[in-house]
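Residue 215 in our numbering is what sits at position 214 of the sequence shown, and the numbering runs on without skipping anything. Positions of the beta carbon are idealized from the N, C-alpha and C atoms, including for glycine. What you are looking at is a predicted structure, and each value in this text was computed from that prediction instead of being measured.
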Amino acid sequence: MQFFRKYGFYLMITAVISEIVGPLVFGLFYQDYNHTTMLISSFGEDKSPVKLVFDWWQIIDGLLFIFAIPAFYQRFKGTSLWLTRGMCFMIFLYAVGDCVMTGIFSKTGHAEPTTIDIIHNYASGIGFGAFLVGTIFLVCLYYLERKKEILFVLVLVLMLSIGSMFIYMLPNFPLNISDASMSETRGLWQRLNLIFLYLPFFLVAVGQYYQPKWLMNKSLF
2 MQFFRKYGFY LMITAVISEI VGPLVFGLFY QDYNHTTMLI SSFGEDKSPV
52 KLVFDWWQII DGLLFIFAIP AFYQRFKGTS LWLTRGMCFM IFLYAVGDCV
102 MTGIFSKTGH AEPTTIDIIH NYASGIGFGA FLVGTIFLVC LYYLERKKEI
152 LFVLVLVLML SIGSMFIYML PNFPLNISDA SMSETRGLWQ RLNLIFLYLP
202 FFLVAVGQYY QPKWLMNKSL F
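Structure (structure tokens):
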């Protein structure tokens, strides 16, 4: 456990970079893959040429997120124990729900949803929501620490994350405005949403090794 407390932030940085760069690499080996219209989970469908690698990649990334938790717990437990526990639990839910479960229950790509598809969709939805709540806990922790600049950045990113998540989820709602136009760019909005979800935790992890004075050290009062 001491190892993860010491190097957990490196694992978080690695996981986030992997989650952003991974789909770009997989796209090179998937003919006619469109990052704007197609979801990342398409790499795990039965017809995907990178299905096996994608599934293992998701499981490994999920484990990286989980192994990063002790470092975040160690960093914030002195600020608020219950907020820190809540944040860490949300990271865990995301790691299991959207990463590990995606690797185990990857979408089939069939016209009619299968049991595996349903499990994947619910687990992924829970994971996305958990990471968003985790960001809210993170904002509260920095508010208690009176870190003005980083707090402003986190709140801004949180708003962008909520907005991009709403647009990404629109095709699931029975609204005429979401039918064609939103579906054609859903892959893009998923990627933007993931970037905004990851960014707060990425900034915290990087901030443990590089702390610009203008960003990390000023207080609210």
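For K149, the three-state secondary structure derived from DSSP is helix. Remark: C-beta atoms of F132 and L198 approach each other more closely than 8 Å. Between the segment 162-169 and the segment 94-111 there are fewer than three inter-stretch CB-CB distances shorter than 8 Å, so the stretches are not counted as touching. For N35, the closest of W190, I196, G130, I18 by C-alpha to C-alpha distance is W190. The C-beta separation of Y31 from V51 comes to about 6 Å, placing the pair in contact by the 8 Å criterion.
Annotation for M91: the continuous alpha helix (DSSP H) segment containing it runs 82-95. If you check the CB distance, A206 and F77 do not come in under 8 Å. DSSP places K108 outside any alpha helix (DSSP H), giving it a letter other than H or E.
Secondary structure at P172: helix, using DSSP grouped into helix, strand and coil.
In the three-state reduction of the DSSP assignment, D33 falls in the coil class, being assigned neither a helical nor a strand state.
The beta carbon of Y143 sits closer than 7 Å to those of I151, L152, L155, all from its chain and outside the five residues before and after it, given in chain order.
Within the same chain, and ignoring the five residues on either side of T37 in sequence, the residues whose Cβ sits closer than 7 Å to its Cβ are T186, G188, L189. By alpha-carbon distance to I196, the top candidate from G208, V158, Q209, Y210 is V158. If you ignore the 5 residues before and after Q75, its C-beta comes within less than 6 Å of the C-beta of R6, all in its own chain and listed in chain order. One thing to note: P201 has its Cβ within 8 Å of the Cβ of T136. Just measuring C-alpha positions, the residue of L84, N194, Y8, A69 sitting nearest L145 is L84. Collapsing the DSSP output to three states places T186 in coil. In this chain, the alpha helix (DSSP H) harbouring I70 covers 52-77. When DSSP states are grouped into helix, strand and coil, E46 belongs to the coil group.
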